[in-house]
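Notes follow once the structure below has been shown.
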Amino acid sequence: WLYIYLADTAASTYYDPVAWHSHEMVFGFTTAVIAGFLLTAVRNWTGIDTLQGAGLAALALLWLAGRLLPFLESM
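Set out below in structure tokens:
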């Protein structure tokens, strides 16, 4: 949002701005909250270690790719 605001440009996605915001709130923010809760709660519930290091980084990169993919015009 900050780049779009400062550059005075429009994001080139297949969503209009309101639909994009709704999509990101459901699939970006909400899923990140649920995943964060589960990653912290699983250890308390089961005693099994949660993701650390490379596995956690891979999960974060997968989430980030899902957030940035709509901005690639070649897709």
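Note that my numbering has the sequence shown beginning at -18, numbered continuously upward.
Every residue, glycine too, gets a C-beta built ideally from N, C-alpha and C.
>> Quick test of your reading: residue 23 and residue 31, contact by CB under 8 Å. State the CB separation rounded to the nearest angstrom.
In response: Locating residue 23 in the sequence shown gives position 42, where the first residue counts as 1. Locating residue 31 in the sequence shown gives position 50, where the first residue counts as 1. So it is a contact: roughly 5 Å between Cβ atoms.
If we call anything under 8 Å between Cβ atoms a contact, is residue 44 one with residue 13? Taking the sequence shown and counting its residues from 1, the one referred to as residue 44 is at position 63. Taking the sequence shown and counting its residues from 1, the one referred to as residue 13 is at position 32. Their beta carbons are under 8 Å apart, which means residue 44 touches residue 13 by this criterion.
>> Out of 47, 41, 53, 48, which one is the CA nearest neighbour of residue 16?
In response: Numbered from 1 along the sequence shown, position 35 holds the residue referred to as residue 16. Minimum Cα distance to residue 16 is reached at 41.
- Task: Would you kindly report the start and end of the unbroken alpha helix (DSSP H) that includes residue -2?
- Result: One-based indexing of the sequence shown puts residue -2 at position 17. That run of the alpha helix (DSSP H) goes -2 to 4.
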